[in-house]
Structures are given as structure tokens and as C-alpha cells.
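Colleague:
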Amino acid sequence: MREPRPAGDFSERIQGMVKELRAQAPDCVAAGVVDMATGMLLAYETLEEHPSEVLDLLAGATLDLFQGRTVVMIEDVFKERRGVRSDRHYFQEVLINSEHVTHLFLRMLSQQDVVAVIVCRKSVNVGMLFAQSRRVVAGYAAT
């Protein structure tokens, strides 16, 4: 059974989702939400202070990762070859491991231009990271 969507306006729901991701995702050190229609970081919460330039770059990198020209071309080829006739994006989740942390990027199913970003310590159990993050994002999916 699906959890009810939290009440409040869009901004309040996004803030709530970021707080819940920080609390529920295992080994989480930061969480945020990027609006790819505007390229803006809508909300974030971290354990450490980061310069605003780094946070702005995160939003831009998320946009490139999901909707860069080459990525969109690959999506279009995959959809064509598989007979998918939909405006939905083909890539929904991306996991990136860096030297010290793991980054998980999740599109909101109902709002394809909204991406949750979760950053965890490298020691994270990736299966639990996906399970908890998907649960939280699904609970906040806006119609």
C-alpha cells in the first residue's frame, strides 16, 4: 500500500522530502532536490557547509546527467528500438560512486523534471540506499 502524500504546498513537500531523505537514507551525508526545468537546486540539507558554487554545480551536473544532449539522444534510440512511445524519460535512476561517497539520483515518477539527490558514505549498503530512497521519494511524489 502506498503512503499518503504529505500535505502542504510544493515547496513544503520538497523541504519535507529532503529532511526525510537525510533521516532515512543509510549513511546519508547530504540530500537535495533539483528542478531540471529551471536548473535550480530547490532544497538541500548537508552535514557540512559547502560553497554555493559547489551546490550550483550539483544542479547543473544533475541536469547534464539526465538531460544532456547525448543522454537524450541515447534515450531516444533506446525508446525507438524498444518500441516505447512515451514522453517520459528512459533513464530514471543513476548511481555514481566517487572516491569517498556514493551519489544516488532519482527522478520523481510523477514529475520527471524533479530529481532527488542523495549522497552517502561509500560504505553504504546500496540495496538499502535504493530501498529507503525510493520509499521516501514515492511518498512525496506530487500529482
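Count along the sequence shown starting at 1, add 432, and that's the number in my numbering.
Just so you know, even glycine gets a beta-carbon here, dropped at the ideal spot from N, CA and C.
1. Contact between the region 539–546 and the region 501–518 is defined here as three or more beta-carbon pairs at a separation below 8 Å; is this criterion met?
2. Whole angstroms is fine: what's the gap from Phe562's alpha carbon to Asp467's?
3. Measure the CB-CB distance between Gly464 and Ala475 and report whether it falls below 8 Å.
4. For Val547, list the residues DSSP reports as bridge partners.
5. Between Tyr572, Phe498, Thr502, Leu487, which has its C-alpha nearest Ile528's C-alpha?
6. Can you tell me whether Arg434 is buried or exposed, with buried defined as 16 or more other CB within 10 angstroms of its CB?
7. Thinking C-alpha only, which one of Lys554, Ser542, Arg520, Leu473 is nearest His535?
8. Would Gly448 count as contacting chain B if we go by Cβ distances under 8 Å?
9. With respect to the beta strand (DSSP E) encompassing Tyr476, which residues constitute its N-terminal and C-terminal limits?
Modeller: Here's the rundown:
1. no
2. 21 Å
3. yes
4. Val466, Arg539
5. Phe498
6. Reliability fails at Arg434, whose pLDDT of 41 lies under 50, so the model's placement of it is uncertain and the value that follows must be treated cautiously. Burial call: exposed.
7. Lys554
8. You won't find chain B in this structure, because it holds only one protein chain.
9. 472–478
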